[in-house]
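> Sharing a structure with you now.
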Amino acid sequence: MQTPLVMTVIGKDRPGLVESIARAVSDSGGNWLESRMCRLGGDFAGILRVHIPSDRQAAFESALDSIRSTGLQILFKPDSGEPSASHAQETSIEIIGQDRPGIVRQITAALAGKGVNVEDLATELASAPMTGEPLFKARIRMRMPERCNLGDLKKELGTIASDLMMDLTFDQ
Numbered sequence: 014m015q016t017p018l019v020m021t022v023i024g025k026d027r028p029g030l031v032e033s034i035a036r037a038v039s040d041s042g043g044n045w046l047e048s049r050m051c052r053l054g055g056d057f058a059g060i061l062r063v064h065i066p067s068d069r070q071a072a073f074e075s076a077l078d079s080i081r082s083t084g085l086q087i088l089f090k091p092d093s094g095e096p097s098a099s100h101a102q103e104t105s106i107e108i109i110g111q112d113r114p115g116i117v118r119q120i121t122a123a124l125a126g127k128g129v130n131v132e133d134l135a136t137e138l139a140s141a142p143m144t145g146e147p148l149f150k151a152r153i154r155m156r157m158p159e160r161c162n163l164g165d166l167k168k169e170l171g172t173i174a175s176d177l178m179m180d181l182t183f184d185q
């Protein structure tokens, strides 16, 4: 029997870090299912989902303890399973504009107010082409509950984007 786990890892970035995690999964007879990992500043952060044979979980945890001794923080928990079917309609938005504090808070507050589940959020700062000013970019993939009207959501987010002087585009 397989034990599905969701793991988070964070620590000082270094070569071989991901390989050490992959080796622990593989040596335990596990399977690496999906992950999102990146370097942020001088640190490395990641989240991954793995299956580990139930009878090898103790060996896997021991391997993780060895990796932790290098300074990497690792947390894991049993996978909660598939998302609720009540969030059936998927859409994505892209936001681009001059950086300022509070952008993510305002957008995600509007989404939460409509019962929208954020499934993937990627943000970055870039330099504006002509001025070199900080340009905030975000891409949000989300699932909307069936009761959420896409037109109403577009209108509300459009108002926020206008107030923030940002460009907002929806994909479907």
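Letter by letter, the sequence shown follows residues 14 to 185 in the numbering used here.
Heads up, the beta-carbon is just placed ideally off N, CA and C, and yes, glycines get one too.
1. In terms of alpha-carbon separation, which member of Met-155, Ala-135, Lys-150 and Gly-115 lies closest to Gly-128?
2. When you compare the CB positions of Gly-110 and Met-178, do they come within less than 8 Å of one another, or not?
3. Alpha carbon to alpha carbon, how far is Leu-138 from Met-14?
4. Assuming Trp-45 and Ala-35 make a contact with CB atoms under 8 Å, what is their CB distance in whole Å?
5. Would His-64 pass as a contact of Pro-17 if the rule is Cβ separation under 8 Å?
6. Distance check for Thr-21 and Arg-152, CA to CA, integer angstroms please.
7. What is the C-beta distance between Ala-135 and Ile-173, in whole angstroms, given that I count them as a contact (C-beta under 8 Å)?
With the given structure in hand:
1. Out of Met-155, Ala-135, Lys-150 and Gly-115, Met-155 has the C-alpha closest to the C-alpha of Gly-128.
2. Closer than 8 Å, so yes.
3. Between the C-alpha atoms of Leu-138 and Met-14 there is a straight-line separation of about 44 Å.
4. Confirmed, about 6 Å.
5. Their beta carbons are under 8 Å apart, which means His-64 touches Pro-17 by this criterion.
6. A direct Cα-Cα distance of roughly 21 Å separates Arg-152 from Thr-21.
7. Not really, about 19 Å apart at Cβ, beyond 8 Å.
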